[in-house]
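Structure, as C-alpha cells:
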Amino acid sequence: MEPTTSSASFAALGIGPALLGELVELGYEEPTPIQREAIPHLLGGRDLLGQAATGTGKTAAFALPLLQRLEIGSAPPGRPVALVLVPTRELAMQVAEAMHRYGRRLGVQVLSVYGGQPFGQQLRALRRGVHVVVATPGRALDHIGRGTLALDGIRTVVLDEADEMLDMGFAEALEEILAATPGERQTVLFSATLPARIAAIAGRHLREPVRVKIAVEKAAPGELPRVRQTAYIVPRAHKPAALTRVLDMEDPSSAILFCRTRNEVDELTEALRARGYEAQALHGGFSQEHRDRVMARFRAGAADLLVATDVAARGLDIEHVSHVINYDVPCAAEVYVHRIGRTGRAGREGAAITLIEPREHYLLRNVERLTGQRIEAATLPTVADLRARRLELTRASLREALLQGGAERFRVVVEGLADEFDVMDIAAAAVQLAHRATEGDREEEEAEIPSFRPPPPAPERARRGPPGARGRPGEAPGRPGEAPGRPRRGGREEREADGSVARLYIGAGRTAGIRPADLVGAIANEASLSSRDIGAIQIADGFSVVEVPAGAADSVIEALRATRLKGRKVQVRRDHHDAPGDARSDEAGAADEDRPRSSAAGARARARSGAADEAKPPGRAADEDRPRGSGAGARARASAPDEAKPPGRAAAARDRAGGMAPPRRRPRD
27 MEPTTSSASF AALGIGPALL GELVELGYEE PTPIQREAIP HLLGGRDLLG QAATGTGKTA
87 AFALPLLQRL EIGSAPPGRP VALVLVPTRE LAMQVAEAMH RYGRRLGVQV LSVYGGQPFG
147 QQLRALRRGV HVVVATPGRA LDHIGRGTLA LDGIRTVVLD EADEMLDMGF AEALEEILAA
207 TPGERQTVLF SATLPARIAA IAGRHLREPV RVKIAVEKAA PGELPRVRQT AYIVPRAHKP
267 AALTRVLDME DPSSAILFCR TRNEVDELTE ALRARGYEAQ ALHGGFSQEH RDRVMARFRA
327 GAADLLVATD VAARGLDIEH VSHVINYDVP CAAEVYVHRI GRTGRAGREG AAITLIEPRE
387 HYLLRNVERL TGQRIEAATL PTVADLRARR LELTRASLRE ALLQGGAERF RVVVEGLADE
447 FDVMDIAAAA VQLAHRATEG DREEEEAEIP SFRPPPPAPE RARRGPPGAR GRPGEAPGRP
507 GEAPGRPRRG GREEREADGS VARLYIGAGR TAGIRPADLV GAIANEASLS SRDIGAIQIA
567 DGFSVVEVPA GAADSVIEAL RATRLKGRKV QVRRDHHDAP GDARSDEAGA ADEDRPRSSA
627 AGARARARSG AADEAKPPGR AADEDRPRGS GAGARARASA PDEAKPPGRA AAARDRAGGM
687 APPRRRPRD
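Following the working numbering, the numbering of the sequence shown begins with 27 at its first residue and continues without gaps.
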C-alpha cells in the first residue's frame, strides 16, 4: 500500500510501519505542531518539557514514540515498562483507549488505573501483566503501597496535565511515585502552563530536557478564527434565564456547559431539563459507572448538553462539540483556554459563549491578553429577537415538510375552509398552530432581562474623566481647582433624563444604622453590580435612596428583597420619581417631609439634620450627598465640605456621614 500524505508525514518524524498503518485507519492527517516538535526527540530517548493546551494532539505526541520504543515480546512482561500519570479518571480512560488503538498491531497491553473502579479488577490485570499503566496519582500510590504495582522496570514516565495534578493537590503523591521509579528512565512532562511549581519538578526529575512550547494560535489579520467567542453581560440573578435564551438562539447540536461547583451543575441541569433540554450532569460526586453512562449518552447524541465542572471534564476528547458555554468566567485565563479547546477542532468552526457578571470585566481582559483575540461583548438577545428566531425555525421546519411532500391528505381540509376564509389566513392559522405546538406557553412567560453595555476602552474612559465625576458635559468647571474647559461626565440630572439611571427606595435609614457602605456592599455582593455603577446614595432617618443603572434596577430590587440589611428584611422598590402614576402608600406620604425630593435639584439635598431650609445650588446636591471614589470603600465615605461652605451645610454633611465629617479632599489639578 502506498503511504498517504498523512502516513508519509508521520513517517518523516520516524514513526514505524505498524503505527503508521493504524494512523491511516484512524484517519489521522498531518502531524500537529506539538507532534512535529516532540516525536523526534522522544524517539531519541530525550527527556522533554512540553507546554501545550488541550486539543493540540499531545496524547499522540507522547504515546506514539512511547509505543515504538517498547520491546514487545510474545507475552506481556511481568512488570509495566511505561507509566503515564494523569489528573482525572476520564483522562486516564481516554489516554489508555488512544494508546490501545495506536498499538493494536503491536499487541500492546494497556491498563487504566483510577479511583472508582473495583480494586480487584485492576489487581487481576496487573498480575496478568501489562506493558503500559495509565493512572491517576492517588490510585497509583495505593497500588504501590500494597505492593501490587512494581515500578522497578519502568523505562518511561509521562506526566500529562501536570499543572492540573498540582492544582488538585497531588504534588506529594507525584514525588513519591517518581522516587519509586528507576533513575535512568525517560521522563516526559506536559503542562498547559509552566508555573514555578512545575519548573521545580522539572528541575528535580528531568535530565537536560528538550523544551517545547506550542503557543496559542492567533488568528491572522482578516482571518476568521475557528472559535467564535462571545460574552454576554448578565447579573447573576438573571443567568438561568439568559442561558436558556442563548441556547434557544444558538440551537447547538452538542454543547458542554461549564460551571464552577458541583451544586451549580446539579441545579442548572435540573433547570434545563425542566425547560425541555436533554441535559446531563458530570462532576466528581458521581460514581464512575454513572459518569461512563453520561459520557456514552452524550457521545451517542442522546443528550445535547453536558453540564460539567472543570475537573470532571478535564481531558475529555469528544468530537463535534459545536458550543462551549461558560456559565461563569474562570478565574484563571488558562482554564478558559482549556475549555474552549474542546470546540472548533479539525478545521471546523466552533462557538465559545461566556456569561459574565457586570463586575467581571477584568477576567475577560485577562483572557484576551493571553489569547491575543478580542472577545465580543454582545447585547443579550431580547424577547423580540428570540421570538423572531423561533418563527424562523418554524418556517424552516415547514419548508422542509413541503420539500418532503406527503401532505396531500390535508388538502381536503384547506379546500373545505377556502370557501369561507382566505387561503393566506388559513395558512397563517396552520403556522400558528404548528408554532404553538412547539413552543407552548413559553413566550407568554418570558420577560426582558436587564442588559449591560460593555465598558468603553480605557482611552475613552480617560477622556470621560475619573469614576465618580459629576456635572454636565462642556466647559463648566466642576470642583475647585479643576481645569476649565475639561470634558466631564454627564451629571445625575442628565442620566435621569435619558433614562439610564433608576432611583430605588429602601425602607431603612439612619435609625436602623444604615451607612452608605452597607448599601454598596449589599448591592455589589447580592446583585453582582460593580460598585462603580452605583450612583448617589441618600440616607434619611427612616429610609434610603440609591441610584443604580436603569437596566439593573429590577435585579437589584429582587436581590435586596431576598437579603437582610442590618439583620432584617427591608422594603425595596423604585422611587416614585422613577415610577410616575404609582399610587403612593400612606407610609410614603408620611415620609414625604423627610425624603429627598426628585422634582428640584435644590430640594434633593434636604434632610432632617436641620439643613432642610437651606437650598443648595443645582448640580451640587448630588456631589455633597454622594460618597466620592470608585470603590466600595470610597462610596462609604461622605463628601467633604468645602472651606467656603456655610456652617449649616457642614452640619448636614456630618449628619449624613453618621455624625463625623470626613477629611477634605485635595482638589484635582
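Cβ coordinates follow ideal geometry from the N, Cα and C atoms, glycine included.
So residue i is in the alpha helix (DSSP H); what residue range does that whole segment cover?
i                 : result
threonine 335     : No alpha helix (DSSP H) holds threonine 335; the beta strand (DSSP E) holding it covers 331–335.
alanine 588       : 579–588
tyrosine 362      : 359–366
phenylalanine 145 : 145–154
alanine 118       : 115–128
leucine 177       : No alpha helix (DSSP H) contains leucine 177, which DSSP labels as neither H nor E.
phenylalanine 284 : From DSSP, phenylalanine 284 is part of no alpha helix (DSSP H) but of the beta strand (DSSP E) over 281–285.
arginine 413      : 409–430
glutamine 94      : 84–95
leucine 443       : 437–444
alanine 37        : 31–38
aspartate 295     : Residue 295 is actually threonine in this sequence, not aspartate. Its alpha helix (DSSP H) spans residues 288–300.
glutamate 434     : No alpha helix (DSSP H) holds glutamate 434; DSSP gives it neither H nor E.
histidine 316     : 314–326
Report the CB separation of residue i from residue j in whole angstroms; it is logged as a contact under 8 Å.
i                : j                 : result
serine 570       : isoleucine 540    : 6 Å
glycine 47       : isoleucine 65     : Actually they are not in contact, since the Cβ atoms of glycine 47 and isoleucine 65 sit about 17 Å apart, beyond 8 Å.
phenylalanine 36 : phenylalanine 216 : Rounded, the Cβ-Cβ distance is 19 Å, inconsistent with contact.
valine 183       : arginine 211      : 6 Å
arginine 271     : leucine 406       : 7 Å
tyrosine 708     : leucine 185       : With the chain represented from 27 up to 695, any question about residue 708 goes unanswered, as that position is not in the structure.
valine 107       : isoleucine 203    : The pair is not a contact, with the Cβ atoms about 15 Å apart (cut-off 8 Å).
threonine 174    : leucine 200       : Rounded, the Cβ-Cβ distance is 19 Å, inconsistent with contact.
Provide the residue span of the beta strand (DSSP E) that contains residue i, from first to last.
i             : result
serine 570    : 570–575
arginine 77   : It is glutamine, not arginine, that sits at residue 77 in the sequence shown. Its beta strand (DSSP E) spans residues 74–77.
histidine 349 : 349–352
valine 404    : In the sequence on display, residue 404 carries alanine and not valine. 402–404 is the span of the beta strand (DSSP E), which, as asked, contains alanine 404.
glutamine 306 : 305–308
glutamine 564 : 563–565
Hey, out of the options, whose CA is closest to residue i's CA?
i              : options                           : result
valine 139     : Ile583, Glu97, Lys84 and Val156   : Val156
glycine 171    : Leu149, Gly76, Ala297 and Leu269  : Leu149
valine 134     : Leu68, Glu97 and Ala534           : Glu97
aspartate 354  : Thr174, Arg237 and Lys265         : Lys265
alanine 460    : Phe436, Arg435, Ser423 and Ala576 : Ser423
alanine 226    : Glu56, Thr207 and Asp189          : Asp189
serine 26      : Arg325, Leu294 and Thr287         : Nothing can be reported for residue 26, as the shown portion of the chain is limited to 27 through 695.
isoleucine 563 : Ala427, Ala588, Val527 and Arg590 : Val527
threonine 408  : Tyr258, Glu552 and Ala455         : Tyr258
glycine 71     : Pro356, Arg233, Ala281 and Asp580 : Arg233
glutamate 51   : Asp559, Arg131 and Arg437         : Arg131
leucine 720    : Ile351, Thr174 and Ala199         : Coverage of the chain is limited to positions 27 through 695, which leaves residue 720 absent and any answer about it impossible.
glutamate 386  : Gly535, Thr58, Asp559 and Pro208  : Asp559
histidine 346  : Glu418, Val393 and Ala377         : Ala377
alanine 456    : Gln597, Ile475 and Phe436         : Phe436
aspartate 292  : Thr335, Arg400 and Ala414         : Thr335
aspartate 601  : Ala579, Gly593 and Pro144         : Ala579
cysteine 285   : Pro57, Pro356, Thr219 and Arg323  : Pro356
glycine 367    : Ala78, His67, Ala543 and Leu69    : Ala78
arginine 115   : Gly142, Leu93, Leu137 and Arg95   : Gly142
valine 260     : Gly593, Ser581 and Arg590         : Ser581
glutamine 61   : Lys84, Ala427, Glu474 and Gly179  : Lys84
alanine 339    : Leu308, Phe312 and Glu315         : Leu308
arginine 165   : Val110, Asp178 and Ala124         : Val110
leucine 381    : Ala463, Arg262 and Arg425         : Arg262
arginine 590   : Pro208, His169, Ala427 and Gly533 : Gly533
valine 160     : Phe145, Val572, Leu137 and Ile379 : Leu137
So what does residue i bridge to, in DSSP terms?
i              : result
serine 138     : Val160
isoleucine 382 : Ile259
glycine 182    : The sequence shown places threonine at residue 182, rather than the glycine named in the question. DSSP lists Ala108 and Gln212 as partners of threonine 182.
valine 598     : Ile532
glycine 376    : Val253
leucine 591    : Arg594
valine 527     : Pro575
Closest Cβ-Cβ distance between residue i and chain B: below 8 Å?
i          : result
valine 393 : No chain B appears in this structure, which consists of one protein chain only.
**Complete alpha helix (DSSP H) runs within the region 196–271 (minimum length 4 residues, chain order)** = Within the region 196–271, complete alpha helix (DSSP H) segments of at least 4 residues are found at 197–205 and 222–231, given in chain order.
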